[in-house]
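Structure, as structure tokens:
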Amino acid sequence: MICDWYNEQIVAAGKQPLLLLLAGLVGGFAAIRTSTRMIRAQVRWWPGNLTAGGVHLHHEFFGVLIMLVTGTLSFTAVPSPWRDVLALCFGIGAGLVLDEYALLLHLRDVYWSREGRTSIDAVIAVTVVTIMLVVSTVPFGLNDVERREATTRWAVVGVVCLNLTLTVVTALKGKPWLALLSVATPFAGVIGAFRLASPTSPWARWRYGSRQMARAAERAAAWSRRKDRLITMLGGVPSSSPHEDWSTQRARAIAHHGAALEQRRASEAAEAMAQIAAFVTEAREAGLPAEPLKAHSYGGRTYRTRLRGWYLNPAHTIAVGEDGKYYSLLVPTSATGWLTGVTVEPQPPRLIVGEGARDGESIPLATLLQRRLSGKP
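Heads up, the sequence shown is in the UniProt record's numbering, so the first residue is 1 and it goes up one at a time.
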């Protein structure tokens with residue numbers, strides 16, 4: 001009896017490739033998720049991760065290859081048995097890819113983090129849609145109306161509109177899974193439309209008072225705990241260790257890089273200040289006169305300052321003051337600067353002046369100081 005039903009509903013209807021694709025999808029996902037959990041548990045007899053030239057090969061790589069090959073071959077004139085094999089292999093490849101869907105979404109390795117649980121959601125969604133295709137469910141229950149031999153078009157329109165309304169209400173209540181299921185199963189739409197909405201859903205924000213919102217939050221927390229246990233059972237416990245959490249690792253790396261950069265700059269500034277101090281001493285001993293320092297705007301205007309010192313370049317845009325500090329004499333345009341003058345603050349000196357500038361011109365600070373001691377501007 002089961003064989004007759006299978007031949008009639010699956011084989012004769014041409015649904016066997018789709019059913020095999022579904023089997024490959026679920027089987028491929030289950031197999032690779034089991035494998036990754038065994039690797040994570042460091043089971044001795046289980047083979048570890050695959051690498052090529054020191055690069056870890058994610059299983060999504062093999063999944064994409066399988067899907068490309070089998071998908072391309074499925075467009076050729078292959079006989080029926082091979083078409084079934086291609087569908088099964090395509091499903092396996094899809095299972096491998098969807099298991100690392102979160103990695104494709106975030107473009108980083110979040111497999112064992114909470115962000116990685118998006119892969120489980122993707123597998124469930126694709127599985128539900130494929131099951132709907134296998135059972136040939138027409139959205140919004142239109143087939144059900146035809147099987148009941150509706151006599152008027154208005155009856156069909158009424159059933160479709162009712163089911164569509166239930167689906168929309170379910171979605172507005174923040175229940176995407178029930179909304180997806182209600183597209184083909186009106187009973188799911190009834191459940192979703194009459195149950196409490198998610199506290200973060202548009203329906204709750206529009207229609208719920210404080211009492212209903214509290215009930216919705218309590219219900220959502222209970223559902224979240226059940227869902228978390230289910231996903232943990234399917235996908236494994238998410239990692240909470242710092243070395244496996246990408247965001248924590250990235251934040252630590254940025255902080256470490258920033259601290260190292262600040263340390264290098266402080267060390268460089270200290271060495272440059274030592275060179276400037278030696279220059280000031282030698283300039284005074286050599287009788288090299290200091291002069292009033294003027295600041296320059298980007299528009300070419302010149303402003304007085306209260307500083308005296310020695311210019312280090314012909315453009316008079318950098319200088320060393322008598323106080324032994326380094327000054328950049330380029331300032332923004334000032335409406336009152338021509339009358340009152342401007343104040344220029346000292347800056348941390350660099351060992352290479354102009355390093356990183358757009359014009360690409362750079363010169364060692366020691367060279368500039370030596371030139372100034374020799375009488376060159």
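Glycine is no exception: its CB is placed at the ideal position from the N, C-alpha and C atoms. Please read these numbers as outputs of a predicted model, since none were measured by experiment.
Check	Outcome
Using a Cβ-Cβ cutoff of less than 7 Å, which residues in the same chain neighbour Ile120 once the five nearest sequence positions on both sides are dropped?	Ile231, Leu234 and Gly235
Keeping to the same chain, check which residues put their C-beta closer than 8 Å to that of Arg306; ignore five residues upstream and five downstream.	Gly341 and Thr343
Which of the three DSSP states, helix, strand or coil, is assigned to His106?	helix
Which whole-angstrom value describes the C-beta separation of Ala204 and Ser210, a residue pair presumed to lie in contact below a C-beta threshold of 8 Å?	With 8 Å as the limit, Ala204 and Ser210 do not qualify as a contact, their Cβ atoms being about 11 Å apart.
Let me check understanding here. Comparing Cα to Cα, which of Glu291, Thr70 and Leu98 lies closest to Cys89?	Thr70
What separation, rounded to the nearest whole angstrom, lies between the Cα atoms of Ile318 and His56?	51 Å
Taking the alpha-carbon of Ala295 as reference, which of Tyr327, Thr200, Val159 and Ser182 has the nearest alpha-carbon?	Tyr327
Nearest-angstrom Cα distance between Leu365 and Thr336?	33 Å
Compute the Euclidean distance between the alpha carbons of Ala216 and Gly189, then round it to the nearest angstrom.	18 Å
Using only the alpha-carbon positions, how far apart do Thr118 and Arg265 sit?	42 Å
Between the alpha carbons of Leu22 and Val78, how many angstroms are there, rounded?	20 Å
So if DSSP puts Val331 in a beta bridge, which residue, or which two residues, is it bridged to?	Ser297
Which stretch, first to last residue, makes up the alpha helix (DSSP H) that contains Ile131?	Thr118 to Val134
In this structure, does DSSP put Glu291 in helix, strand or coil?	strand
Determine the closest residue to Leu20 out of Pro81, Val159, Ser35 and Glu8, with distance taken between C-alpha atoms.	Pro81
Would a C-beta distance cut-off of 9 Å place Gly95 and Val64 closer than the cut-off?	no
Would Val280 pass as a contact of Glu345 if the rule is Cβ separation under 9 Å?	no
Determine, using beta carbons only, whether Gly375 and Leu288 come nearer to each other than 9 Å.	yes
Alpha carbon to alpha carbon, how far is Asn163 from residue 378? Give it in angstroms, no decimals.	Outside the shown range of the chain (1 to 377) lies residue 378, about which nothing can therefore be said.
Determine the direct distance from the alpha carbon of Arg301 to that of Ile276, and round the result to whole angstroms.	28 Å
Got a sec, what are the start and stop residues for the beta strand (DSSP E) Arg308 sits in?	Thr302 to Tyr311
Whole angstroms are fine: how far does the CA of Val85 sit from the CA of Met1?	26 Å
For Trp46, which residues from the same chain have a beta carbon less than 6 Å from its beta carbon, with the 5 sequence-adjacent residues on both sides left out?	Met38
DSSP has Tyr326 in a bridge; who is on the other side?	Val320
Does Ala87 come out as helix, strand or coil in the three-state DSSP assignment?	helix
From the DSSP output, read off the bridge partner residues of Pro346.	Tyr327
Measuring alpha carbon to alpha carbon, tell me which residue in Glu282, Ala315 and Glu285 is nearest Tyr298.	Ala315
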